[in-house]
Ligand code: SF4
Ligand code: MG
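See the structure below:
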């Protein structure tokens, strides 16, 4: 039941409109070891905030996050340290999160230094081994990230994230901005690493095609709430929420042929999370909306095992 709120007016943003942004509400899910959960939604849906809240880079306003049964939300920052080692994040544009004046070796070894793990020789060996596993030459150790392409930098970022031997990776748009063949290589690499190391992934993307390749379960977010969750094949074959059905429109034809239902992409931008629409937040863009939708918020309800939807009029197969 995770909630994240941001106070407006702090940090110079949106000073006139004092108030609260309810970035995430009532988020609940479980991730098994070695599995991938996909988080999908447009920008502003709260998916990156959720990734950061899981890692406690953003403190939840309410609700709790557990790792192997340990309630992280109750831990002090100091007691949290050994758990931080277990959870790492890979960002969309790794170049933005890399110090261009550090060598690739320094970048990969940095989490080990911050966590005070190993000595300088074991750290170096580990970084070299990770580089080789990522298909990069160990001579990269002494080069700079600016000397590498986007796909290579993403592999350097994955090596950095793996240096502390984490159990959980939060991958925030790890293939966005890469060309299609490089996207496929990174997805295959992530899949192989998951099998080898028993990693668990939270895979954040606006690209349902990429998410469906890795995730066993997909969560669809709209304005900070879960609107649908289902096993991947079920979600693609029989999306029940009109918003999910509209996301099918953007799937590559090979994947889309498996879906029974798709609606046109919703028009316009999603509404502002400062003043979300009443009732069902999707009602301002929903082709299926009826009067009730603007006044009554639909609860998340079971459709079938593992398949839940928050809609008063969920789609049936074939319509
Ligand atoms: Fe559309 Fe109404 Fe369902 Fe919301 S509750 S998704 S507005 S049909
Ligand atoms: Mg984002």
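In full-length UniProt numbering, the protein residues as written are 9 to 327. Backbone N, C-alpha and C fix where the C-beta goes; we use that ideal spot for every residue, glycine too. Since this is a predicted model, take the numbers as computed values, not measurements.
Per DSSP, the bridge partner or partners of residue i
i, result
"residue 239", "225"
"residue 189", "Per DSSP, none; premise fails for residue 189."
"residue 86", "Beta-bridge pairing links residue 86 to no other residue."
"residue 95", "176"
"residue 106", "Answer is none; residue 106 lacks a bridge partner."
"residue 251", "None; residue 251 has no bridge partner."
"residue 234", "229"
"residue 13", "30"
"residue 315", "312"
"residue 79", "74"
"residue 211", "46 and 179"
Distance, residue j Cα to residue i Cα
i, j, result
"residue 326", "residue 162", "With a pLDDT of only 47 at residue 326, under 50, the local geometry of the prediction cannot be trusted, and the value read off the model is given with reservation. Going from the Cα of residue 326 to the Cα of residue 162 covers about 40 Å."
"residue 177", "residue 171", "12 Å"
"residue 77", "residue 111", "37 Å"
"residue 255", "residue 277", "14 Å"
"residue 109", "residue 313", "51 Å"
"residue 84", "residue 239", "35 Å"
"residue 105", "residue 201", "22 Å"
"residue 199", "residue 261", "23 Å"
"residue 218", "residue 209", "13 Å"
"residue 293", "residue 28", "23 Å"
"residue 214", "residue 147", "35 Å"
"residue 328", "residue 138", "Residue 328 falls outside the range modelled here, since the chain spans only 9 to 327, and no answer is possible."
"residue 300", "residue 250", "15 Å"
"residue 133", "residue 120", "12 Å"
"residue 36", "residue 257", "27 Å"
"residue 269", "residue 204", "36 Å"
"residue 32", "residue 57", "8 Å"
Nearest-angstrom Cβ-Cβ length linking residue i and residue j, presumed shorter than 8 Å
i, j, result
"residue 229", "residue 55", "5 Å"
"residue 227", "residue 45", "6 Å"
"residue 75", "residue 97", "Their Cβ separation, rounded to whole angstroms, is 14 Å, which puts residue 75 and residue 97 out of contact at 8 Å."
"residue 136", "residue 149", "6 Å"
"residue 266", "residue 253", "Residue 266 to residue 253, Cβ: 13 Å. No contact."
"residue 233", "residue 34", "7 Å"
"residue 16", "residue 68", "That belief does not hold up - the Cβ atoms of residue 16 and residue 68 are roughly 18 Å apart, past 8 Å."
"residue 160", "residue 144", "6 Å"
Under 7 Å between C-beta atoms of residue i and residue j
i, j, result
"residue 323", "residue 248", "yes"
"residue 289", "residue 231", "yes"
"residue 39", "residue 64", "no"
"residue 206", "residue 42", "yes"
"residue 70", "residue 116", "no"
"residue 194", "residue 59", "no"
"residue 184", "residue 100", "yes"
"residue 102", "residue 169", "no"
"residue 237", "residue 316", "yes"
"residue 302", "residue 286", "yes"
"residue 197", "residue 48", "no"
- Message: I'd like the ranges of any alpha helix (DSSP H) spanning at least 4 consecutive residues and lying wholly in the stretch 125-164.
- Response: 128-141
For a minimum of 4 consecutive residues, which ranges assigned as the alpha helix (DSSP H) are wholly contained in the stretch 26-72?
55-62
- Query: What are the complete beta strand (DSSP E) segments, minimum 3 residues, inside the stretch 257-316?
  - Reply: 309-312
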